[in-house]
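Enquirer:
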Amino acid sequence: MTTNDRILDLLQNVKDPEVPVISVLELGVVRHVDVEADGKVLVTISPTYTGCPAMDVMAADIKKELRDHGFANVEVKQSLSPAWTTDWITEPGKAKLKAYGIAPPEKTGDIRALKGELPVVPCPQCGSTHTVMLSAFGSTACKALWKCNDCLEPFDQFKCL
Amino acid sequence: MHRSVPLLENIAMNAQEALFTYTLRLGDDLLILSHRLGEWCGHGPVLEEDIALTNRALDHIGEARNLYDYAVKVEGKGRTEDDLAYLRTERHFVNTLLTEQPNGDYAHTIARSFLFDAYHLPLAEALTKSSDTQIGAIAAKAVKEAQYHLKHSSDWLIRFGDGTEESHRRAQEALDGLWVYTGELFVQDEVHQAMVKAGIAPDLNTIKASFDATVDRVLTEATLKRPADGYMMSGGRQGKHSEHLGFLLAEMQYLQRAYPGAQW
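Keeping their order, the protein sequence lines are chains A and B.
1478 is the number that the working numbering gives to position 136 of the first sequence; each next residue is one higher, with no gaps.
147 is the number that the working numbering gives to position 145 of the second sequence; each next residue is one higher, with no gaps.
1) Count the other CB atoms within 10 Å of the CB of residue 1376 of chain A; is the residue buried (16 or more) or exposed (fewer)?
2) When you compare each of A:1398, A:1427 and A:1441 to residue 1420 of chain A by their alpha carbons, which one comes out closest?
3) Rounded to whole angstroms, what is the Cα-Cα separation between residue 231 of chain B and residue 1436 of chain A?
4) Contact criterion: CB-CB distance below 8 Å. Does residue 61 of chain B meet it with respect to chain E?
5) Could you tell me which of B:180, B:223, B:87 and B:55 sits nearest to residue 259 of chain B, measuring between CA atoms?
6) Select from A:1424, A:1484 and A:1408 the residue whose C-alpha is nearest the C-alpha of residue 1445 of chain A.
7) Start and end of the alpha helix (DSSP H) containing residue 1485 of chain A?
8) Taking residue 1477 of chain A as the reference, which of A:1487, A:1469 and A:1470 has the closest Cα?
9) Specify whether the segment 103–110 of chain B and the segment 174–183 of chain B touch according to this definition: at least 3 beta carbon pairs, one from each stretch, less than 8 Å apart.
10) Tell me which residues share the same chain as residue 1400 of chain A and place their Cβ nearer than 6 Å to its Cβ, disregarding the 5 neighbours each side in the sequence.
11) Return the residue from the list A:1427, A:1346, A:1363 and A:1494 that minimises the CA-CA distance to residue 1381 of chain A.
12) Is the CB-CB distance between residue 167 of chain B and residue 100 of chain B below 8 Å?
13) Taking a cut of 9 Å between CB atoms, which residues from the segment 1459–1475 of chain A lie near chain B?
14) Which word fits residue 216 of chain B, buried or exposed, when buried means at least 16 other C-beta atoms lie within 10 angstroms of its C-beta?
15) Within the chosen definition, does the segment 66–73 of chain B reach the segment 129–140 of chain B through at least 3 CB pairs nearer than 8 Å?
16) Decide if the segment 31–45 of chain B is in contact with the segment 54–63 of chain B; the criterion is three or more beta carbon pairs, one per stretch, under 8 Å apart.
17) Identify the continuous beta strand (DSSP E) that holds residue 1387 of chain A and give its terminal residues.
18) Which whole runs of the alpha helix (DSSP H) in the segment 101–188 of chain B are 4 residues long or more, in chain order?
19) Taking the beta strand (DSSP E) that residue 235 of chain B falls in, what are its first and last residues?
20) Taking only beta-carbon positions, decide if residue 64 of chain B is within less than 8 Å of chain A.
21) Does DSSP classify residue 98 of chain B as helix, strand or coil?
22) Buried or exposed: residue 80 of chain B, going by 16 or more other Cβ atoms within 10 Å of its Cβ?
23) Nearest CA to the CA of residue 1423 of chain A: which residue from B:78, B:146 and B:94?
24) Counting only Cβ pairs nearer than 7 Å, list the residues of chain B close to residue 1392 of chain A.
25) Please state the DSSP three-state secondary structure of residue 204 of chain B.
26) CB-CB under 7 Å to residue 103 of chain B, same chain, minus the five flanking residues each way: which ones, in chain order?
27) Excluding five sequence neighbours on each side, which residues of the same chain lie with their C-beta closer than 8 Å to the C-beta of residue 10 of chain B?
28) Can you tell me which of the three DSSP states residue 1444 of chain A falls into?
29) For the alpha helix (DSSP H) that contains residue 1345 of chain A, what are its first and last residues?
30) Would the beta-carbon of residue 250 of chain B fall within 8 Å of that of residue 63 of chain B?
31) Would you kindly work out how many angstroms separate the C-alpha atoms of residue 1468 of chain A and residue 148 of chain B, rounded to a whole number?
32) Suppose the cutoff is 7 Å on Cβ atoms and the five residues either side in sequence are ignored; what does the same chain contact list for residue 28 of chain B look like?
33) Have a look at residue 131 of chain B and residue 199 of chain B and give me their C-alpha separation to the nearest angstrom.
34) I want to verify the contact list: residues of chain A whose CB lies under 7 Å from the CB of residue 57 of chain B, in sequence order.
35) Which of the three DSSP states, helix, strand or coil, is assigned to residue 1498 of chain A?
36) Name the chain B residues whose beta carbon is nearer than 7 Å to that of residue 1503 of chain A?
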């Protein structure tokens, strides 16, 4: 196993502090891992939402995980461009969001978004598409609040960005 | 202390100062508006809106932090983003007067954000093409959030305008009262002209065209009247503010003033 693979394996253990089922890799936040000649590890992350307080926690958790496993010199750097998009959430990541009760984001190229229409968001609990958005802003910066008209449960949707 | 400065260095320094001031202007609008929105925390008319306004405040603070972080690097005097936010007095803030206006009722808060969003979205879109790559990267991040903001404030303005007689009256009064602060958003003074020349900032006439189109489209749907352009208030960009900013800063900066250097 190469050093890079070993680091990626470890990063799979670092979860989003607000959605603790999905890793920073599955979330698409980790953009590069570089190991320099002197053994220093440089992890480049792309922030999800501009003001999201979880980013600082993720950076600290990445450092801790790698330090705890023998990488003494770790730097986490933020990269703003290209801007993070929900399209970078991996398919296994989206499946985990859904299993956790959060409707995963649709593709940003969705034609309905271009026409200013709301997407069809299936209820993560019962699968019904008979759902309605209650508020474009939800419990965290990344989520909108929806309700299922069939099972009547409210649910979070990971906003498409 | 006086020292003579060669002409070339003088010019370079002015360009750097102009970029610092411009970055600060972008950041101050966002920080001050975010503080106003944050004042609704725990006081929103419904729970969803309480959350919406504080979420928006968070987006604005995030963008302001990115801009301040860049501004202190441009300035190169060893200040931090927190120094810019917490240790400047009102004469050193260069936000537009619109952003510091008090919340008033909910229609007033929504109208203020709508007018700002209708300016902020096309500005952020234009800044993604800035010759300054850091300003461009910050804008690319902000533009997606700004779309959500404009959708939110437009939806509510339409609901108020095309709602009951009372909600219509309040929305119209809010627009009429705030319109006098919209002219300042598009003033192109020497600092701005220097930024346009350097390819860093867009010509604000193009932003104004987009602003006008958005305002006309949304107000028509909201059955609200676009206020007539008359005398426009300005001064914020030069640090001359309405009385409201001092009170806002007194609250926002209290902790750092009372306990200098406090951290948690």
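No residue lacks a Cβ here, since even glycine has one placed at the ideal position from N, Cα and C.
Expert: Quick answer:
1) Here residue 1376 of chain A refers to the residue found at position 34 of the first sequence. Burial call: exposed.
2) Within the first sequence, numbered from 1, the residue matching residue 1420 of chain A stands at position 78. Checking every option, the nearest Cα to that of residue 1420 of chain A belongs to A:1398.
3) Position 229 of the second sequence, counted from the first residue, corresponds to residue 231 of chain B. Position 94 of the first sequence, counted from the first residue, corresponds to residue 1436 of chain A. Distance between the alpha carbons of residue 231 of chain B and residue 1436 of chain A is about 49 Å.
4) Looking at the structure shown, chain E is missing, and the protein chains on hand are A and B.
5) The count along the second sequence starts at 1 and reaches residue 259 of chain B at position 257. Comparing Cα-Cα distances from residue 259 of chain B to each of B:180, B:223, B:87 and B:55, the minimum goes to B:87.
6) Working through the first sequence from its first residue, we reach residue 1445 of chain A at position 103. Cα-wise, what sits closest to residue 1445 of chain A is A:1484.
7) In the first sequence, counting from the first residue as 1, residue 1485 of chain A sits at position 143. Unbroken run through residue 1485 of chain A is the beta strand (DSSP E), 1485–1490; no alpha helix (DSSP H).
8) Here residue 1477 of chain A is taken as the residue at index 135 of the first sequence, counted from 1. Minimum Cα distance to residue 1477 of chain A is reached at A:1487.
9) yes
10) The residue you call residue 1400 of chain A lines up with position 58 of the first sequence. Same-chain partners within the cutoff: 1366.
11) For the purposes of this step, residue 1381 of chain A is taken as the residue at position 39 of the first sequence. It is A:1346.
12) For the purposes of this step, residue 167 of chain B is identified with residue 165 of the second sequence, where counting begins at 1. For the purposes of this step, residue 100 of chain B is identified with residue 98 of the second sequence, where counting begins at 1. The answer is no: Cβ separation not under 8 Å.
13) none
14) The residue you call residue 216 of chain B lines up with position 214 of the second sequence. Residue 216 of chain B is buried by the Cβ-count criterion.
15) yes
16) yes
17) Residue numbering aside, residue 1387 of chain A sits at position 45 when the first sequence is read from its first letter. Unbroken beta strand (DSSP E) run through residue 1387 of chain A: 1383–1387.
18) 108–129, 135–163 and 167–180
19) Position 233 of the second sequence, counted from the first residue, corresponds to residue 235 of chain B. Segment: none, residue 235 of chain B is in no beta strand (DSSP E) and carries neither H nor E.
20) Residue numbering aside, residue 64 of chain B sits at position 62 when the second sequence is read from its first letter. Interface residue, yes.
21) Position 96 of the second sequence, counted from the first residue, corresponds to residue 98 of chain B. It is coil, neither helix nor strand.
22) Here residue 80 of chain B refers to the residue found at position 78 when the second sequence is read from its first residue. Classification for residue 80 of chain B: exposed.
23) The count along the first sequence starts at 1 and reaches residue 1423 of chain A at position 81. If we check each option's Cα against that of residue 1423 of chain A, B:146 comes out closest.
24) Walking along the first sequence from the start, residue 1392 of chain A turns up at place 50. Result: 61, 64, 65, 68, 143, 144 and 147.
25) Here residue 204 of chain B refers to the residue found at position 202 when the second sequence is read from its first residue. Here residue 204 of chain B sits in coil by DSSP.
26) Your numbering for residue 103 of chain B matches position 101 in the second sequence. Excluding residues within five positions, the ones whose Cβ falls inside 7 Å are 114, 180, 183 and 246.
27) Position 8 of the second sequence, counting from 1, holds the residue named residue 10 of chain B. Confidence in residue 10 of chain B is poor, its pLDDT being 40 and thus under 50, which makes the residue's placement unreliable; the coordinate value appears in the next sentence. There are no such residues.
28) By one-based count along the first sequence, residue 1444 of chain A stands at place 102. Residue 1444 of chain A falls in the strand class under three-state DSSP.
29) Counting from 1 along the first sequence, the entry for residue 1345 of chain A is found at position 3. Taken as a continuous stretch (DSSP letters only), the alpha helix (DSSP H) holding residue 1345 of chain A covers 1345–1353.
30) For the purposes of this step, residue 250 of chain B is taken as the residue at position 248 of the second sequence. For the purposes of this step, residue 63 of chain B is taken as the residue at position 61 of the second sequence. Not in contact: residue 250 of chain B and residue 63 of chain B (Cβ atoms no closer than 8 Å).
31) Sequence index remark: in the first sequence, residue 1468 of chain A carries index 126 (1-based). Sequence index remark: in the second sequence, residue 148 of chain B carries index 146 (1-based). Approximately 32 Å, taken between the alpha carbons.
32) As a first step, residue 28 of chain B is located in the second sequence; it is residue number 26 there, counting from the start. So the qualifying residues of the chain are 69.
33) For the purposes of this step, residue 131 of chain B is taken as the residue at position 129 of the second sequence. For the purposes of this step, residue 199 of chain B is taken as the residue at position 197 of the second sequence. Cα-Cα distance, rounded: 14 Å.
34) Indexing the second sequence from 1 puts residue 57 of chain B at position 55. Within 7 Å Cβ-Cβ: 1479 and 1483.
35) Position 156 of the first sequence, counted from the first residue, corresponds to residue 1498 of chain A. Three-state result, residue 1498 of chain A: strand.
36) Position 161 of the first sequence, counting from 1, holds the residue named residue 1503 of chain A. What residue 1503 of chain A touches in chain B: 146.
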